[in-house]
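S.K.: Just passing along the structure, written as structure tokens.
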Amino acid sequence: MGILKLQQGEQKFKLTRHAPSSPELNYFVKHFWIIQWDLCERDEHVQAVIPNPCANLVVEPNQTAIYGVSSHKFTHRIEGKGSVCGVKFRPGGLYPFVQIPLSQLTNRSMPIHTITPITPSRIEAELLTIQDASKMAECAEFYLFPKLPSPDPSVMLVNQIVDYISTNQDLTRVDQVSDYFDINARQLQRLFNQYVGVPPKWVIKINRLQNAAESMDYNDYNDLINLSNDLGYYDQSHFIKDFKSIIGLTPDEYIKQRQPI
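With full-length UniProt numbering, the residue at position 69 of the sequence shown is 69, and numbering never jumps.
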């Protein structure tokens, strides 16, 4: 979950991440994320999030659901006092639970009964009353075990591919990935359609743009031309177009929108 302007957001909420304690669950789940806030004496906060190639199970009052990958930036409004608990699946990690192509879940949600027999109302009542975030994560693990699937080798392969993309900033084309893993380009597309929900080209793009946004958030760049070049964009207009397609703002607009901390 790429939270935009995290330094500003952390003035309004507390975000913690917790690794699964079970090796069996760790195969499918990247981590549990928990957001807690108390804005009873303060204004509401709207948090923008840049997407990534992971599906989530999100537990929040009357809205608990499984969410596929979002292809664009999305926002979440928080007010009053509360908490949200999420299960962030590894790329491809949700597919063995639901057994439908994850492309059918892109920009969509589905009920949780496919991955747990526990009702949403019970989960919300049990989880969201826990004050300690680590205990909340421990409790959340319990809900996934009744329908825990067998390990799927394709999940491991998908994670290797996504990790390779995220750690190699010079990647700009899908054929570079297919060549490295010795996978036919069409096979790679089918694999991502089934297990991830978005094409590998999108994953390459979102990785570069998340790095761009983080560099802007932390002032870790000299100028936008150098930043775009560092990310493999040698056409400034291409960088601006890609950035706006995901973030909803041009790079200049994004920088100007920042507020002093």
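For each residue, glycine too, the CB sits at the ideal point set by N, CA and C. Predicted model, so just to flag it, every value in this text is computed and none were measured.
So, with DSSP's three-state summary, where would you put His238?
M.R.: For the purposes of this step, residue 238 is taken as the residue at position 238 of the sequence shown. Helix.
S.K.: Would Tyr67 and Tyr195 be called neighbours here (beta carbons separated by less than 7 Å)?
M.R.: As a first step, residue 67 must be located in the sequence shown, where it is residue number 67. As a first step, residue 195 must be located in the sequence shown, where it is residue number 195. Contact: no.
S.K.: I'd like to know whether the C-beta atoms of Gly2 and Asn56 end up nearer to each other than 7 Å.
M.R.: As a working mapping, residue 2 is identified with position 2 in the sequence shown. As a working mapping, residue 56 is identified with position 56 in the sequence shown. Contact: no.
S.K.: Quick check on this structure: which residue in Ile115, Asp163 and Gln63 has the alpha carbon closest to the alpha carbon of Tyr180?
M.R.: Taking the sequence shown and counting its residues from 1, one reaches residue 180 at position 180. Out of Ile115, Asp163 and Gln63, Asp163 has the C-alpha closest to the C-alpha of Tyr180.
S.K.: Distance, Cα to Cα, Val177 vs His238?
M.R.: Your numbering for residue 177 matches position 177 in the sequence shown. Your numbering for residue 238 matches position 238 in the sequence shown. Answer to the nearest angstrom: the Cα atoms are 21 Å apart.
S.K.: Among all the DSSP beta bridges, which residues are the ones paired with Leu59?
M.R.: Taking the first residue of the sequence shown as 1, we reach residue 59 at position 59. Before going further, note that residue 59 is Val rather than Leu in the sequence given. Paired residue(s): Cys85.
S.K.: How is the alpha helix (DSSP H) around Tyr67 delimited, first residue to last?
M.R.: Counting from one through the sequence shown, the residue named residue 67 turns up at place 67. No alpha helix (DSSP H) holds Tyr67; the beta strand (DSSP E) holding it covers Ala65 to Tyr67.
S.K.: Asp175 lies in the beta strand (DSSP E); which residues open and close that run?
M.R.: Working through the sequence shown from its first residue, we reach residue 175 at position 175. Per DSSP, Asp175 belongs to no beta strand (DSSP E); it is in the alpha helix (DSSP H), Val174 to Phe181.
S.K.: Which residues in the same chain as Val84 place their Cβ atom closer than 6 Å to its Cβ, once the five residues preceding and following it in sequence are excluded?
M.R.: Residue numbering aside, residue 84 sits at position 84 when the sequence shown is read from its first letter. So the list reads Ile35 and Glu60, once near-sequence residues are dropped.
S.K.: Is it true that the stretch 205-212 meets the stretch 241-255, where meeting means three or more beta-carbon pairs spaced less than 8 Å apart?
M.R.: Yes, the stretch 205-212 touches the stretch 241-255.
S.K.: Could you pull out every residue in the same chain whose Cβ sits closer than 7 Å to the Cβ of Asp175, ignoring the five residues on either side in sequence?
M.R.: Along the sequence shown, read from residue 1 onward, the residue named residue 175 stands at position 175. Only Ala185 meet the Cβ criterion.
S.K.: The beta strand (DSSP E) that contains Phe145, what's its start and end?
M.R.: Sequence index remark: in the sequence shown, residue 145 carries index 145 (1-based). No beta strand (DSSP E) contains Phe145, which DSSP labels as neither H nor E.
S.K.: Would Phe32 and Cys54 be called neighbours here (beta carbons separated by less than 7 Å)?
M.R.: For the purposes of this step, residue 32 is taken as the residue at position 32 of the sequence shown. For the purposes of this step, residue 54 is taken as the residue at position 54 of the sequence shown. Contact: no.
S.K.: Between the C-alpha atoms of Val203 and Leu188, what's the straight-line distance to the nearest angstrom?
M.R.: Taking the first residue of the sequence shown as position 1, residue 203 is located at position 203. Taking the first residue of the sequence shown as position 1, residue 188 is located at position 188. Rounded to the nearest angstrom, the two C-alpha atoms are 12 Å apart.
S.K.: Nearest CA to the CA of Lys201: which residue from Thr172, Arg190, Ala125 and Tyr221?
M.R.: As a first step, residue 201 must be located in the sequence shown, where it is residue number 201. Here the closest residue by C-alpha is Thr172.
S.K.: So the beta strand (DSSP E) Leu39 belongs to, where does it begin and stop?
M.R.: By 1-based counting over the sequence shown, the position of residue 39 is 39. Its beta strand (DSSP E) spans residues Val29 to Leu39.
S.K.: Closer than 6 Å by C-beta to His45: which residues in its own chain qualify, once you throw out the five before and the five after it? Chain order, please.
M.R.: In the sequence shown, residue 45 corresponds to position 45, counting from 1. Excluding sequence neighbours, His45 sits near Lys12 and Ile78.
S.K.: Would you tell me roughly how many angstroms separate the C-alpha atoms of Thr250 and Gln7, rounded to the nearest one?
M.R.: Position 250 of the sequence shown, counted from the first residue, corresponds to residue 250. Position 7 of the sequence shown, counted from the first residue, corresponds to residue 7. Distance between the alpha carbons of Thr250 and Gln7: 21 Å.
S.K.: Can you tell me whether DSSP reads Gly232 as helix, strand or coil?
M.R.: Sequence index remark: in the sequence shown, residue 232 carries index 232 (1-based). In the structure shown, Gly232 sits in coil (DSSP, three-state: anything other than H, G, I, E or B).
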